[in-house]
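First up is the structure itself, then whatever we jot down about it.
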Amino acid sequence: MGMGHLHLRKILKEETLYKDKSAARHKCDFSQHCILKAVDEEKRYRCYNVMKCSECLSFKSIPEPGNIQGCVLDGLTDEQKELPVIKGYCKHYYNVVFSKLENIAFGKENK
102 MGMGHLHLRK ILKEETLYKD KSAARHKCDF SQHCILKAVD EEKRYRCYNV MKCSECLSFK
162 SIPEPGNIQG CVLDGLTDEQ KELPVIKGYC KHYYNVVFSK LENIAFGKEN K
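Numbering (the working numbering), first residue to last: 102 to 212.
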């Protein structure tokens, strides 16, 4: 028996969506383009194109063909370096699951 359609959708959602559980209940408005910087325990990091909610710290990936998480593969462009940054911490930078990121911080720090 293989994985069902709903199970795959749940996995995709976990890998591409972070929900701010501390925020008051509301319908998220993912309208702010940001760069997610996922940092591992050894200070290595990977960047992702994401859309952040205007009311809380929730965010979701901006998928591209063959790149559902919106991972920035070729380094940040000058335009991306001007975007606000969401920083989150993960166990391994090569296996980033957005829903499992910790210590999410939002600000302007992109180098």
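Don't be surprised by glycine CBs; every beta carbon is placed ideally from N, CA and C.
| Close beta carbons around ASP121, own chain, < 8 Å, minus the five adjacent residues each side | CYS154, CYS157, LEU158, SER159, ILE205
| said: Can you find the residues in the same chain that come closer than 7 Å, C-beta to C-beta, to LEU113, ignoring five residues on each side of it along the sequence? | reply: ILE169
| Per DSSP, the bridge partner or partners of ASN150 | ILE136
| If you draw a straight line from the alpha carbon of GLU116 to that of VAL198, how long is it in whole angstroms? | 4 Å
| Rounded straight-line distance, which links the Cα of GLY105 to that of ARG147 | 30 Å
| Can you tell me whether DSSP reads LEU118 as helix, strand or coil? | strand
| field | Buried versus exposed, by CB contacts within 10 Å (16 or more), SER162 | value | buried
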